[in-house]
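To start, the structure itself, in structure tokens.
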Amino acid sequence: MHRRHEAIPLLQAAQKSPALAHLAQLTRDSSARLAAIQPLIPPGMRATIQAGPIEGSTWCLLVKGNAAASKLRQLLPSFEAHLRTKGWDVQLIRIKIQARADI
């Protein structure tokens, strides 16, 4: 018997796999957190920040560059407090500086 392998949409795959469904939910949650703090981020820095992984009550922000990371560290207490008022259990926000890809 020959099996035919067909591509299926990611959403359909995620619905059939509990592990993928959980990852998809974490991704949506992380993006929603970033959207919630956007008004608190200086406009010039918004393009340098991406939502990162969630591990329990710790959330990670991915930042392009040391200067942006340094400024962002000063804003973390207000981000954490704001997210808690919105119902998220955020005890700590970590910052990870993204490596530049020189191409």
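Those letters in the sequence shown? Residues 30 to 132, per our numbering, in order.
C-beta atoms are modelled at their ideal positions from N, C-alpha and C, and glycine is treated no differently.
The structure presented is a predicted model; accordingly, all values stated were derived computationally and were not measured.
- For a cut-off of 8 Å, the C-beta gap from K125 to G73 is around 20 Å, too long to register as a contact.
- Counting only unbroken stretches of 3 or more residues, the beta strand (DSSP E) elements lying wholly within the stretch 44 to 114 are 78 to 84, 87 to 92, in sequence order.
- Rounded to the nearest angstrom, the gap between the Cα atoms of L69 and G85 is 23 Å.
- Just measuring C-alpha positions, the residue of K115, Q103, D118, L91 sitting nearest A128 is L91.
- Within the DSSP bridge table, the entry for I124 names L90 as partners.
- Each of L121, A96, E35, F108 was checked against the Cα of L63, and the nearest Cα belongs to F108.
- Residue burial annotation: L52 is exposed, with fewer than 16 other C-beta atoms found within 10 angstroms of its C-beta.
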